[in-house]
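Notes to accompany the following structure.
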Amino acid sequence: MQEFLRQKIKSRLPILIFSGLAFFVWSFYFTLPDGRLHLKFYNVGQGDSIFIETPAGYQVLIDGGPDNKVLGFLGRDLGLFDKSLDMIVLTHPQLDHFGGLIEVVKRYHIGAVIVNGDENNTVDFREWQAVLDEKGIRVINAKIGDIISLPDGVNLRVINSGRTSNDLNTGSIVLEVSYLSFDALLTGDADQKNQPYKTSKDSFEVFKVPHHGSKTAIKKDYISKLSPQISVISVGKNRYGHPSEEIISYLKNNRSKVYRTDQDGLIEIVSNGQSWYTRTQR
Ligand SMILES: [Zn+2]
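Numbering (this note's numbering), first residue to last: 3 to 284.
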């Protein structure tokens, strides 16, 4: 009987090794850059978190949502062995944008953190700053007009950064993400008080609707000029009434297809710099 068991174990071993190796190869294969730009709007509940992977594989995380849900998404996108991000952008210091970043910074090696220079006098925000200090991470204050040029041709241009009133939302970093003829406008929570944004382009393929689609998210006459082909609302269960039905119907009336993380789940946009497409989890 014992001999039989030993034989069985022996004959299983190669299969176990093989399937382990296959998993390794599989995991590696699916985390290799594919020469295209990916924008992923993570479904992190009530908050924002956007992951960008560029054609050559540079990885940027913009905001981290309110809690640790972002870790699951990052784990899937980076794979088992990649424990680094080239850059984190915190659009503004509110918990629904930086909450998840605390644990991301603890677990991953981060090239640099880009902030808007505003502060928030909360326990959570002080923890976020303490973790950045502890890990000795390079923190850069973004200024309007800054351009982060990646060697593969993707440019991130800072359109807005730092508040002009006592409203933290108005200080959100607004970014133009461009790759050849594809352009996306990522707005954090900078709503109609910041509009029209001083963008370098007139129109965008993809528009991240500011402030979770709140009723003050967009100026109506401005959005018709921007004419985005698709609009993405990052939103979860909340008590503020986000997103506003009026804002949604206004976007639709301007022939913009509206996606929402609470209904579509993860929303991904893929572009080769000329054409692009959208896919959703649901
Ligand atoms: Zn927010």
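Yeah, the Cβ is synthetic: ideal placement off N, Cα and C, and Gly gets one too.
Since the structure is predicted, the reported quantities are computational estimates derived from the model, not experimental observations.
- Taking C-alpha positions only, G119 is separated from L152 by approximately 23 Å.
- The way I'd put it, the region 83 to 92 does touch the region 115 to 133; three or more beta-carbon pairs between them come closer than 8 Å.
- Separation of the CB atoms of S246 and S216 is rounded to 6 Å, and the pair is thereby assigned contact status at 8 Å.
- Below 8 Å, too few C-beta pairs join the region 159 to 170 and the region 125 to 136 to call them touching: fewer than three.
- Per DSSP, the unbroken beta strand (DSSP E) holding T280 starts and ends at 278 to 282.
- Closest option to S233, judged by alpha-carbon separation, among H244, P212, T218: P212.
- Apart from the 5 residues on each side of it in sequence, E105 sits with its Cβ closer than 7 Å to the Cβ of N70, L73 in its chain, given in chain order.
- Taking the C-beta atoms as reference points, I225 is found no nearer than 9 Å to Y261.
- DSSP places E270 within a strand segment (E or B) once states are collapsed to three.
- Take the alpha-carbon of L39 and the one of S273: they are about 5 Å apart.
- A straight-line Cα-Cα distance of about 31 Å links D148 and G238.
- The residue from D98, R109, V141, N143 with its alpha-carbon nearest to that of T124 is D98.
- By the Cβ neighbour-count rule, D223 is exposed, with fewer than 16 other Cβ atoms within 10 Å of its own.
- Taking 8 Å as the cut-off, the C-beta of G59 does not count as close to any heavy atom of ligand 1.
- With fewer than 16 other Cβ atoms from the protein chains shown falling within 10 Å of its own Cβ, R109 counts as exposed.
- Contact annotation, T263 with N45: C-beta distance approximately 4 Å; criterion of less than 8 Å satisfied.
- In the three-state reduction of the DSSP assignment, I64 falls in the strand class.
- A distance filter of 7 Å between CB atoms and the heavy atoms of ligand 1 selects the following residues in sequence order: G49, D50, Q96, D98, H99, D191, H213, H214.
- A Cβ-Cβ distance of about 6 Å is found for the pair W278 and E207, placing them in contact under the 8 Å criterion.
- Exposure of F83 is indicated by the presence of fewer than 16 other C-beta atoms within 10 angstroms of its C-beta.
- Straight-line measurement puts the Cα of V176 at about 10 Å from the Cα of K200.
- Counting only runs that start and end inside the region 215 to 278, the alpha helix (DSSP H) elements of at least 4 residues fall at 222 to 228, 247 to 255, 263 to 266.
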